[in-house]
Every structure is written in structure tokens, then in C-alpha cells.
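Structure record follows, encoded as C-alpha cells.
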Amino acid sequence: MTAHRRLLLDTNVFSELMKEHIDPAVVRWQDATPWNDTFMSTITVMELLYGVGRIEHGQRRRKLEEQIRRLFIAYKPRILAFDTPAAMRCAVMQVTRERVGRPVGVQDCQIAAIAAVNDCAVVTRNTKDFLGLGIELINPWDSESSSSERHLSDPT
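Taken in order, the sequence shown gives residues 588 to 743; the numbers are from this note's numbering.
As C-alpha cells, then:
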């Protein structure tokens, strides 16, 4: 990984980091990654709140709500929005993938577009969902990962 690369963490990375027993590969990746290089998207904000909102009230939900609250405070200056430039990029990405018969989920496309307009790599376990969108992908569960596909079918 290049030093000081901006990294947009997918929701599944934050979910893993909130687990009691984090995958050792993800721990190694986190330990080797400067915290200030990591970013969250407004899509992840929505997905985390939606996920915790679906859990029955109780101790588990309260614990997750507290973890999410702390995450939002810590990441507040580094939450990247799905704004107009990202929306425009997302539309191009959606059309590009549909034309090749590989539609992409709306939230994944929004995260990819946010990454593209903010010059970030996407850190995710679900790299297949982001293939062909012209962004660099990093899978922290895969110690060999740092697959850059920036120049492959870049829809820009």
C-alpha cells in the first residue's frame, strides 16, 4: 500500500472492526494503516444505522449503538458525502456496468463514486461488487491484496 493513500472503508470493514473477535488479517491491515488515511462515506453512515435499527432492543443493540456513536465522532471530519459530483459519477458507473450485463448495487455504486471523486481506494471484503468501476480496491481479509484496477474499464 502506498504511504498516505486515502482509503474509503466499506461498511463491511467497519462492521468487522466492531466485532468482538476481529479477523486477524483485518487486525494486521488496520495496524499497518495510518488511521488518518481512512475515511467513511455517508452511505456507510446510513448502512450502519439501518443495520443497528433492525436489531431488537437490548444489550447487543445498545453496545452497537455506542460503538457507532463513537465511530461517527471519530470520523466526523473524515466522512465523505454522496454529493452532486459523486451522483454524476455514480450514474456513469451504473450505466457502464449495465451495458456490459453486470449491474452494480446502488449503495456499492454510491460508495465507489464517492471514492472516485475523492481520489480514494475502496477497502472492502466484497471486491467483486466493485470490479469494473475504475477504482483501486484493497481487501484487508486478503494479505496479498492491494489490487489496483484503476485503469481497467475506467468509466470516466
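Ideal placement from N, C-alpha and C gives every residue a C-beta, glycine not left out. Every value quoted in this text rests on a predicted model; they were computed, and no experiment measured them.
Residue i burial status per 10 Å Cβ neighbour count (16 or more: buried)
i: Ala703; result: buried
i: Ala673; result: buried
Simplified DSSP state of residue i, which is helix, strand or coil
i: Met675; result: helix
i: Leu568; result: Since the first and last residues shown for the chain are 588 and 743, residue 568 lies out of range.
i: Ala620; result: A small fix is needed here, since residue 620 is Thr in this sequence, not Ala. Reduced to three states, the DSSP call for Thr620 is coil.
i: Val710; result: strand
i: Phe659; result: helix
i: Phe601; result: helix
Near the ligand GDP: residue i beta-carbon under 7 Å from a heavy atom
i: Arg712; result: Among the ligands in the structure shown, none appear at all, so the ligand GDP cannot be discussed.
Spatial neighbours of residue i in its chain, beta-carbon cut-off 6 Å, leaving aside the 5 residues before and after
i: Asp716; result: Asp695
i: Thr625; result: Leu594, Leu596
i: Ile642; result: Arg648
Integer-rounded CB distance, given that residue j should sit under 8 Å from residue i
i: Leu667; j: Ile701; result: 5 Å
i: Phe669; j: Ile630; result: 6 Å
Opening and closing residue of the alpha helix (DSSP H) in which residue i lies
i: Ala703; result: 693 to 704
i: Glu634; result: 629 to 640
CB contact check: residue i to chain B, cutoff 8 Å
i: Val693; result: Going by chain labels, chain B is absent from the structure shown, which holds only one protein chain.
Neighbourhood of residue i by C-beta distance below 7 Å, restricted to the same chain and skipping five residues each side
i: Asn599; result: Thr711, Arg712, Asn713
Own chain residues within Cβ distance below 8 Å of residue i, not counting five before or after
i: Ile655; result: Met605, Leu635, Leu636, Val639
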